[in-house]
Structure formats: C-alpha cells, structure tokens
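The structure under discussion appears below in the form of structure tokens.
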Amino acid sequence: MIACLGDSITVGRPGESYLKYMDSPRDYHNHGCSGETLSGLSRRIDSFISQSYDDFIIEIGVNDILLPYLKDHSLAWNHKVQKLILRGSIPLEEVQDFKREYEKLIWKLEDKNVKIISIPCIGEVLNSNLNQKVDEYNDSIQELCEKYHLRYIDFNKWQKMALGLSEFRSPYFISTSTYGLMFDSVLTTRLGLSDFISKIRRLVVTVDGVHLNKNGAQNLARLIQKTE
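In UniProt numbering, the protein residues as written are 1 to 228.
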C-alpha cells in the first residue's frame with residue numbers, strides 16, 4: 001500500500017484527486033488534509049511512518065504560499081487562515097525556512113520509497129507574483145530531491161506546457177468568499193462537474209486556479225506512474 005500525503009490537491013476537494021486515475025487506485029491511500037502546510041504535514045507524518053507504509057507520495061507546499069495571500073484576500077479568508085494556523089498548519093513564508101523544514105521531512109522518510117510532487121501552479125496566469133514564488137519553492141524542492149536521490153515529479157512543468165498551448169490564460173482565481181470554496185466543492189467533487197466549471201471559467205488544468213480538474217488530475221496520475 002502507498003501513503004499519499006498532501007493538501008486539498010491530494011484530497012481532491014474542490015476538483016478531482018489524481019488518486020482516482022491511478023491504474024490500481026485501491027493500492028493508494030488518500031491521506032491528504034485540506035489546508036495543510038509543510039509544517040503541519042511534518043508533524044503528522046510520524047503516525048503514517050509507524051503504520052508500516054514503505055511507499056510514500058508527497059504533495060505539499062501550495063498552502064505555504066497561498067495562505068498568506070488569502071489571509072489578506074478578505075476578512076472571511078483571514079478568519080479561515082487563522083483557524084488553520086491554530087490547528088498547526090503554519091505557512092513557511094520564507095523559502096529558506098521551507099527548504100529547511102522539507103529536508104527534515106525527508107530525513108524522517110530516509111528508509112522509505114518516496115516520490116515528491118512539485119508545487120502546482122497557483123493561478124493559471126504564469127507570470128504572477130504567486131507563481132514566481134512557486135518557482136522559487138520548487139527549485140528548493142528539486143535541489144533536495146537531487147541531494148537525496150529522490151524521484152521528483154515535475155507536475156508544475158507539465159502545467160506550464162499545457163497552459164502554453166492554450167490561446168487564452170484565464171485570470172479566474174479562488175473566490176474571495178470561503179463559502180465560494182465550499183460551493184465549488186459541491187459542484188466539482190460531489191456532483192462531478194469539474195470539467196463543466198473549468199469550461200465556464202475558461203480554465204485549462206484547474207477548477208479555480210489551484211485545485212485540479214480532470215485534465216490536471218489525469219496527467220498528474222500519468223506522471224506519477226511513469227516516474228520509477
């Protein structure tokens with residue numbers, strides 16, 4: 001069995017999880033946690049290491065960049081982010097701190113088979129400040145994967161390629177209301193309308209600029225399975 005750890009992108013809510021598109025989905029256990037940050041995952045990973053998992057897929061880092069942005073997005077998001085911080089999902093806003101904590105996470109998994117997924121794009125407009133920060137964080141993750149000889153799945157690179165083929169870059173981004181995120185979860189996950197919502201918003205690989213649509217989830221699953 002393979003433990004899949006991450007945030008709402010692993011969970012697949014809103015949007016779709018890559019796990020449902022794996023060749024043998026029952027072999028993959030979804031231990032994603034919505035709103036999770038690297039520091040939060042570092043704290044809870046010990047319980048999964050002790051459960052006799054030998055194989056891990058790690059997808060983390062979006063919220064370390066996204067939560068500080070959303071905190072200033074609206075009062076509702078500020079309240080939501082503060083609750084996540086109190087839970088222990090504290091964002092690491094400096095790349096040096098992020099890299100240091102990621103290395104500690106890797107140390108905990110030193111005797112495991114590990115695949116690490118790059119941080120996906122945050123918004124489908126690639127030249128944004130958010131995506132520039134994503135690139136910095138991904139550089140640090142890739143450096144660690146090279147240092148410790150871990151398999152690095154560059155999903156972000158695939159997203160950029162897919163978006164580069166699109167004639168239009170939608171500026172649509174997560175709702176300023178937290179209720180909008182809940183509504184998206186109902187439409188895209190529970191009712192299975194992720195492609196419909198993406199089409200309305202003219203998005204290519206996500207349902208809201210962050211969470212994956214079918215196209216994004218299917219291709220992430222494909223990349224994971226071809227990375228040996």
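Just so it is clear, CB atoms sit at the ideal spot from N, CA and C, and this is done for glycine as well.
Treat the numbers as computed from the prediction; the structure is a model and nothing was measured.
* Would you call the segment 8-26 and the segment 38-50 in contact, with 3 or more CB pairs under 8 Å? -> No, because fewer than three Cβ pairs between the segment 8-26 and the segment 38-50 fall closer than 8 Å, the two stretches do not touch.
* Can you list, in chain order, the residues of its chain whose CB lies under 6 Å from that of L198, leaving out five sequence neighbours each side? -> Residue numbering aside, residue 198 sits at position 198 when the sequence shown is read from its first letter. Per the sequence presented here, residue 198 reads as Ser, with Leu not at that position. Cβ neighbours of S198 beyond the five flanking positions: V207 and N213.
* Whole beta strand (DSSP E) elements within the UniProt domain "SGNH hydrolase-type esterase" (4-158), 3-residue minimum -> Restricting attention to beta strand (DSSP E) runs no shorter than 3 residues, the UniProt domain "SGNH hydrolase-type esterase" (4-158) encloses them at 28-32, 55-59, 113-117 and 151-153, ordered along the chain.
* Counting Cβ pairs, one atom from each stretch, are 3 or more of them under 8 Å apart for the segment 21-29 and the segment 71-80? -> Output reads no: the segment 71-80 does not touch the segment 21-29.
* Asked: Under the three-state reduction of DSSP, which class applies to I224: helix, strand or coil?
  -> In the sequence shown, the residue the question calls residue 224 occupies position 224. Under the three-state reduction of DSSP, I224 is assigned to helix.
* CB V134 to CB I90, shorter than 8 Å? -> Numbered from its first residue, the sequence shown carries residue 134 at position 134. Numbered from its first residue, the sequence shown carries residue 90 at position 90. Cβ atoms of V134 and I90: not closer than 8 Å.
* To do: Flag this pair as yes or no: are the beta carbons of S118 and N138 separated by less than 8 Å?
  => Mapped onto the sequence shown, residue 118 falls at position 118. Mapped onto the sequence shown, residue 138 falls at position 138. In contact: S118 and N138 (Cβ atoms closer than 8 Å).
* **For L163 and N127, the rounded distance between their alpha carbons** => Within the sequence shown, residue 127 is the residue found at index 127, counting from 1. Within the sequence shown, residue 163 is the residue found at index 163, counting from 1. N127 and L163: Cα-Cα distance of roughly 12 Å.
* Spatial distance of H211 from N156 (CA atoms) -> Looking up residue 211 in the sequence shown gives position 211. Looking up residue 156 in the sequence shown gives position 156. The alpha-carbon atoms of H211 and N156 are separated by roughly 13 Å.
* Asked: In or out: S166 buried (at least 16 other Cβ within 10 Å) or exposed?
  -> As a first step, residue 166 is located in the sequence shown; it is residue number 166 there, counting from the start. That one is exposed.
* Could you pull the start and end residues of the alpha helix (DSSP H) that S177 belongs to? => For the purposes of this step, residue 177 is taken as the residue at position 177 of the sequence shown. From DSSP, S177 is part of no alpha helix (DSSP H); its letter is neither H nor E.
* How far does the alpha helix (DSSP H) with K195 in it reach, from first residue to last? -> Taking the sequence shown and counting its residues from 1, the one referred to as residue 195 is at position 195. Checking the displayed sequence, the identity of residue 195 turns out to be Asp instead of Lys. Here the alpha helix (DSSP H) through D195 covers S194 to R201.
* In this structure, does DSSP put L212 in helix, strand or coil? -> Position 212 of the sequence shown, counting from 1, holds the residue named residue 212. Residue state, collapsed to three classes: strand.
* Given that a residue counts as buried once 16 or more other Cβ atoms are within 10 Å of its Cβ, and exposed if not, what is D7? -> Residue mapping note: residue 7 aligns to position 7 of the sequence shown, counting from 1. D7 comes out buried.
* Give the straight-line distance between the Cα atoms of I153 and E228, rounded to the nearest whole angstrom. => The sequence position of residue 153 within the sequence shown is 153, counting from 1. The sequence position of residue 228 within the sequence shown is 228, counting from 1. The alpha-carbon atoms of I153 and E228 are separated by roughly 10 Å.
* Integer Cβ distance of N215 from W158, believed to fall under 8 Å -> Working through the sequence shown from its first residue, we reach residue 215 at position 215. Working through the sequence shown from its first residue, we reach residue 158 at position 158. Not really, about 10 Å apart at Cβ, beyond 8 Å.
* Asked: Based on the DSSP secondary-structure assignment, which residues constitute the bridge partners of T206?
  -> Taking the sequence shown and counting its residues from 1, the one referred to as residue 206 is at position 206. Residue pairing from DSSP places T206 in a beta bridge opposite L212.
* Asked: Would you call the CB atoms of residue 316 and D55 closer than 8 Å?
  -> What the structure shows of the chain is the stretch from 1 to 228, and residue 316 is not part of that stretch, so it cannot be assessed.
* **Cβ neighbour criterion (16 or more within 10 Å) applied to K115** => Mapped onto the sequence shown, residue 115 falls at position 115. Around the C-beta of K115, 16 or more other C-beta atoms lie within 10 Å, and the residue is accordingly described as buried.
* Asked: Distance, Cα to Cα, S52 vs L109?
  -> In the sequence shown, residue 52 corresponds to position 52, counting from 1. In the sequence shown, residue 109 corresponds to position 109, counting from 1. C-alpha of S52 to C-alpha of L109: approximately 12 Å in a straight line.
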